[in-house]
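In the numbering used here, the protein residues as written are 4 to 86.
Note that CB positions come from ideal geometry on N, CA and C, so glycine has one too.
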(Lines of atoms letter the chains of each structure in order from A; the text may use other names.)
(Lines give C-alpha, C1' and ligand atoms only; values in the text may rest on other atoms or scores of the structure.)
Protein backbone atom coordinates (compact mmCIF):
# COMPACT_ATOMS: atom_id res chain seq x y z
CA UNK A 4 0.00 0.00 0.00
CA UNK A 5 1.65 3.21 -1.18
CA UNK A 6 0.06 5.27 1.62
CA UNK A 7 2.09 3.27 4.17
CA UNK A 8 5.36 3.44 2.24
CA UNK A 9 8.25 5.45 3.67
CA UNK A 10 8.40 8.03 0.88
CA UNK A 11 11.46 9.68 2.43
CA UNK A 12 13.48 6.69 1.19
CA UNK A 13 12.20 6.86 -2.38
CA UNK A 14 14.81 7.94 -4.93
CA UNK A 15 14.73 11.55 -6.06
CA UNK A 16 14.30 12.51 -9.70
CA UNK A 17 14.93 15.83 -11.45
CA UNK A 18 11.72 15.37 -13.44
CA UNK A 19 8.69 13.66 -11.93
CA UNK A 20 5.86 12.44 -14.16
CA UNK A 21 2.78 11.14 -12.35
CA UNK A 22 -0.09 10.02 -14.54
CA UNK A 23 -3.27 8.30 -13.41
CA UNK A 24 -4.20 5.06 -15.09
CA UNK A 25 -6.57 5.89 -17.93
CA UNK A 26 -9.46 3.41 -17.50
CA UNK A 27 -11.03 4.97 -14.39
CA UNK A 28 -11.02 8.43 -16.00
CA UNK A 29 -12.14 7.63 -19.55
CA UNK A 30 -15.61 8.40 -20.90
CA UNK A 31 -15.22 5.37 -23.15
CA UNK A 32 -16.12 3.11 -20.24
CA UNK A 33 -19.66 4.44 -20.35
CA UNK A 34 -19.49 5.68 -16.76
CA UNK A 35 -19.85 9.17 -15.40
CA UNK A 36 -16.52 10.78 -14.57
CA UNK A 37 -16.33 11.93 -10.94
CA UNK A 38 -12.62 12.60 -10.38
CA UNK A 39 -13.39 16.20 -9.42
CA UNK A 40 -15.29 15.03 -6.33
CA UNK A 41 -12.37 13.38 -4.51
CA UNK A 42 -11.99 16.11 -1.90
CA UNK A 43 -15.65 16.96 -1.42
CA UNK A 44 -17.68 15.66 1.48
CA UNK A 45 -19.90 12.75 0.53
CA UNK A 46 -23.52 13.07 1.57
CA UNK A 47 -25.38 9.80 2.19
CA UNK A 48 -27.54 8.85 -0.77
CA UNK A 49 -26.18 11.62 -3.03
CA UNK A 50 -23.35 9.78 -4.68
CA UNK A 51 -22.48 6.17 -5.31
CA UNK A 52 -19.28 4.65 -3.98
CA UNK A 53 -16.55 4.48 -6.66
CA UNK A 54 -15.40 1.04 -7.75
CA UNK A 55 -12.11 -0.31 -6.28
CA UNK A 56 -10.11 0.43 -9.46
CA UNK A 57 -11.15 4.10 -9.35
CA UNK A 58 -10.42 4.36 -5.62
CA UNK A 59 -6.92 2.92 -6.13
CA UNK A 60 -6.11 5.25 -9.03
CA UNK A 61 -7.30 8.25 -7.01
CA UNK A 62 -5.30 7.17 -3.96
CA UNK A 63 -2.13 6.89 -6.03
CA UNK A 64 -2.57 10.41 -7.42
CA UNK A 65 -3.19 11.82 -3.94
CA UNK A 66 0.26 10.51 -2.90
CA UNK A 67 2.07 12.74 -5.45
CA UNK A 68 2.16 15.83 -3.15
CA UNK A 69 3.44 13.63 -0.32
CA UNK A 70 6.41 12.53 -2.46
CA UNK A 71 7.19 16.09 -3.58
CA UNK A 72 7.09 17.37 0.03
CA UNK A 73 9.40 14.56 1.16
CA UNK A 74 11.97 15.54 -1.45
CA UNK A 75 11.79 19.20 -0.34
CA UNK A 76 12.36 18.14 3.30
CA UNK A 77 15.44 16.17 2.16
CA UNK A 78 16.77 19.39 0.65
CA UNK A 79 16.60 17.97 -2.87
CA UNK A 80 13.38 19.25 -4.45
CA UNK A 81 12.11 17.88 -7.73
CA UNK A 82 12.95 20.45 -10.42
CA UNK A 83 9.81 19.99 -12.51
CA UNK A 84 6.84 17.71 -12.72
CA UNK A 85 3.86 16.74 -14.79
CA UNK A 86 0.60 15.37 -13.46
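#### Entry: Per-residue burial, residue 57 [other beta carbons within 10 Å of its own, 16 or more giving buried]
By 1-based counting over the chain shown, the position of residue 57 is 54. Counting Cβ neighbours within 10 Å, residue 57 comes out buried, since at least 16 surround it.
### Length of the line joining the Cα atoms of residue 19 and residue 55
Here the question's residue 19 lines up with position 16 in the chain shown. Here the question's residue 55 lines up with position 52 in the chain shown. So the two alpha carbons sit approximately 26 Å from each other.
#### Entry: residue 81, DSSP secondary structure in three states
Position 78 of the chain shown, counted from the start, is the residue given in the question as residue 81. Of the three classes helix, strand and coil, the one that applies to residue 81 here is coil, per DSSP.
### Query
Tell me which same chain residues have a C-beta within less than 7 Å of the C-beta of residue 70, skipping the five on either side of it?
Counted from its first residue, the chain shown places residue 70 at position 67. The answer, listed in chain order, is 10 and 13.
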